[in-house]
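Under the working numbering, the first residue of the sequence shown is numbered 132, with each subsequent residue one higher.
Notes to accompany the following structure.
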Amino acid sequence: MIALLPMLVNRLGWGTILPMNFRPNPYLLLVAIVVVYVAIGVLYAALTPTWQVPDEPAHYNYIRALAEGRGFPVIEPGDYDQPYLGRLTTEDFPPELSIQGLEYEDHQPPLYYLLAVPVYRLFDGALLPLRLLSVLFGAGMLALAFGVVRQIFPTWPELALTAVACIAFIPQHVAMTAGVNNDALAELVVGGALWMLVVYVQTGKNRWIAWWLAAVLLTKTTAYAVLGIAALALVIRWRQGGQTWKWVWGQGVRMFGPALLLAAPWFVRNGLTYGWLDPLGLARHNAVVEGQPRSVAWLADYGWGGLVSRLVRTTFQSFWGQFGWMKVVLPTYIYLALALLTALAVGGFLWWRFDRNRPELTRPQRASLGLLLGLFLLVLLQFLGYNLAFVQHQGRYLFPALIPIGTAAALGLHQWASRLPSRWRGGAVAVPLAGLAALDVYCLFKYVIPFLTR
Numbered sequence: 132m133i134a135l136l137p138m139l140v141n142r143l144g145w146g147t148i149l150p151m152n153f154r155p156n157p158y159l160l161l162v163a164i165v166v167v168y169v170a171i172g173v174l175y176a177a178l179t180p181t182w183q184v185p186d187e188p189a190h191y192n193y194i195r196a197l198a199e200g201r202g203f204p205v206i207e208p209g210d211y212d213q214p215y216l217g218r219l220t221t222e223d224f225p226p227e228l229s230i231q232g233l234e235y236e237d238h239q240p241p242l243y244y245l246l247a248v249p250v251y252r253l254f255d256g257a258l259l260p261l262r263l264l265s266v267l268f269g270a271g272m273l274a275l276a277f278g279v280v281r282q283i284f285p286t287w288p289e290l291a292l293t294a295v296a297c298i299a300f301i302p303q304h305v306a307m308t309a310g311v312n313n314d315a316l317a318e319l320v321v322g323g324a325l326w327m328l329v330v331y332v333q334t335g336k337n338r339w340i341a342w343w344l345a346a347v348l349l350t351k352t353t354a355y356a357v358l359g360i361a362a363l364a365l366v367i368r369w370r371q372g373g374q375t376w377k378w379v380w381g382q383g384v385r386m387f388g389p390a391l392l393l394a395a396p397w398f399v400r401n402g403l404t405y406g407w408l409d410p411l412g413l414a415r416h417n418a419v420v421e422g423q424p425r426s427v428a429w430l431a432d433y434g435w436g437g438l439v440s441r442l443v444r445t446t447f448q449s450f451w452g453q454f455g456w457m458k459v460v461l462p463t464y465i466y467l468a469l470a471l472l473t474a475l476a477v478g479g480f481l482w483w484r485f486d487r488n489r490p491e492l493t494r495p496q497r498a499s500l501g502l503l504l505g506l507f508l509l510v511l512l513q514f515l516g517y518n519l520a521f522v523q524h525q526g527r528y529l530f531p532a533l534i535p536i537g538t539a540a541a542l543g544l545h546q547w548a549s550r551l552p553s554r555w556r557g558g559a560v561a562v563p564l565a566g567l568a569a570l571d572v573y574c575l576f577k578y579v580i581p582f583l584t585r
């Protein structure tokens, strides 16, 4: 919405008062976008009914265990009760039914929960402050996303702002970052690591990379894709400079060594708890979550065509907005409008990619965009791999790749806008983004609150 300012300057005749080369400060516009995101996020955090964010009770119970001095929890049989969880979600979490037995997130790395403990204690376990902590992490992630895109396209701040807005106003993303979970922090540490890796392939400076990678290791396994991108960045620098294998080894030790040392106590604890072949606790988690639908069963029931069509449809819907525990599905016309926006963004990006008339990318830009593409592909492979075992057709599992997705969408929108008269270009990009922000608020009051409140 704030991005409409350049268009308003021209359309309202302010150009007679302001200089013709007037351009709002991009950092002020970034602040404006983040403020709008935070305002909408606060609404979701305050008004989304209790526990109506996926897995929120299990994350809350992890925080509570630490806050009450019971130490790091251990995931055990009985922590996931599918029939009971189904009853809770079907009946919209009636207060007489306890959520204390939902502890199937106990295998998660500890950083988010340690950061949440002071908030839990300060506000006596109240849900809203913990939700607002996630909104804060989401705001930080947006700032880091701006840094990534601005680093790649330093003379094109409008692109970075568009990418940030594309990320900020996805309705499902707003809903998830307004709940108690480690998703927003995971996206934040991925964004920080990605920014430092882009700086690394452009300049060779590797300060702070190890610290961000340590945070990744200690936050969420779905963020581990960025570790592969760190290795890719190392290979890119090696090929750019024709360095020796000794150099590669030294750089790798500096990049990964401190991160592994900082995370080692957690992995040792897991090895002692779950066995040395399960340092992430994932095998124990998969054994505990009995009752989740398995892809092999769906394949037998629906065949390849039915399974794939359900995967694509549900993933698309839940990427944009399928609220609660996948319970609140939006009307078809909204998904059709979002499909049109998606098609425009993807088509525009492909047009930009193969447009021979656009400015040639520099070598550092190509290397940096290669990192973004690699992150998207690794996150996509993680998502598909997870769905080989379990039916988890949830678009939110693609959110660790939101910076590449937002960058591609921004390039696509600007490619279309570049063919319009100059005075219309800002509005052509801003209008659909303002529409997304409005859709966030509309979904909250029209669907989330009415359909998820007892």
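Heads up, the beta-carbon is just placed ideally off N, CA and C, and yes, glycines get one too.
All figures in this text were calculated on a predicted structure; none of them were measured in a lab.
Using 10 angstroms around the beta-carbon of residue i, count the other beta-carbons present and answer buried if the total reaches 16, otherwise exposed.
i, result
"W343", "buried"
"G323", "buried"
"F224", "buried"
"G146", "Residue placement at G146 is flagged as unreliable, the pLDDT there being 38, under the threshold of 50; a coordinate-derived value is accordingly withheld."
"L533", "buried"
"T350", "buried"
"G519", "The question names Gly, but residue 519 is Leu in the sequence shown. So L519 counts as exposed."
"Q595", "The requested residue 595 does not occur in the structure, where the chain is confined to residues 132 to 585."
"A296", "buried"
"E207", "exposed"
"T463", "exposed"
"T293", "buried"
"D486", "exposed"
"L263", "buried"
Nearest-angstrom Cα distance between residue i and residue j?
i, j, result
"F530", "A362", "21 Å"
"L358", "F277", "21 Å"
"W378", "R195", "46 Å"
"L636", "E421", "There is no way to answer for residue 636, as the model of the chain reaches only from 132 to 585."
"L348", "G381", "21 Å"
"P285", "E491", "15 Å"
"V184", "W456", "6 Å"
"A354", "A346", "10 Å"
"L583", "L258", "17 Å"
"L159", "P288", "11 Å"
"T404", "V329", "37 Å"
"R572", "L161", "Inspection of the sequence shows that residue 572 is occupied by Val rather than by Arg. Each residue's Cα considered, the two are about 20 Å apart."
"G200", "A247", "14 Å"
"Q282", "W326", "8 Å"
"D255", "A315", "22 Å"
"K577", "L544", "28 Å"
"L136", "P155", "Legend: pLDDT at L136 = 43, less than 50; position of this residue unreliable, value from coordinates given subsequently. Whole-angstrom Cα-Cα distance: 8 Å."
Looking at the structure shown, is residue i part of a helix, part of a strand, or coil, going by DSSP?
i, result
"F450", "helix"
"V169", "helix"
"F514", "helix"
"F530", "helix"
"R444", "helix"
"V320", "helix"
"F521", "strand"
"R585", "coil"
"R425", "strand"
"V311", "coil"
"V205", "coil"
"V460", "strand"
"A257", "coil"
"L500", "helix"
"S553", "helix"
"I230", "coil"
"P157", "helix"
"N337", "coil"
"D571", "helix"
"T293", "helix"
Suppose the cutoff is 6 Å on Cβ atoms and the five residues either side in sequence are ignored; what does the same chain contact list for residue i look like?
i, result
"A498", "V332, I367"
"Y528", "F514"
"T220", "W456"
"Q546", "G479, W482, W483"
"L197", "Y244, V248"
"A548", "R556, A559, V560"
"P495", "Q333"
Enumerate in chain order the residues of its own chain whose CB-to-CB distance from residue i is below 7 Å, with the five nearest sequence positions on each side excluded.
i, result
"Q523", "Y517"
"L233", "P188, A189, N192, L216"
"W397", "P240, P241, L349"
Starting from the C-beta of residue i, find all residues in its chain whose C-beta is less than 8 Å away, skip the five residues before and the five after it, and write them out in chain order.
i, result
"M386", "N337, I340, A341, L344, A361, L365"
"I580", "L178, T179, P180"
"S426", "L438, N518, L519, A520, F521, V522"
Can residue i be considered in contact with the ligand NAD, in the sense that its beta carbon sits closer than 7 Å to one or more heavy atoms?
i, result
"Y517", "Of the ligands one can find in the structure shown there are none, so the ligand NAD has no counterpart to examine."
Cβ contact (3+ pairs, closer than 8 Å) linking the stretch 460 to 472 and the stretch 432 to 449: Judged by Cβ distances under 8 Å, the stretch 460 to 472 makes contact with the stretch 432 to 449, as three or more pairs qualify.
Below 8 Å, how does it come out for the stretch 421 to 438 and the stretch 501 to 508: are there three or more Cβ pairs, yes or no? Touching, no.
Report yes or no: do three or more beta-carbon pairs, one from the stretch 474 to 491 and one from the stretch 535 to 548, lie closer than 8 Å? Taking 8 Å as the limit for Cβ pairs, the verdict is that the stretch 535 to 548 does touch the stretch 474 to 491.
Does the stretch 261 to 271 come close enough to the stretch 305 to 324 to have 3 or more Cβ pairs within less than 8 Å? With contact defined as three or more Cβ pairs closer than 8 Å, the stretch 261 to 271 and the stretch 305 to 324 are in contact.
Could you tell me whether the stretch 165 to 181 touches the stretch 560 to 578, using the rule of 3 or more Cβ pairs below 8 Å? Result yes; three or more Cβ-Cβ pairs closer than 8 Å.
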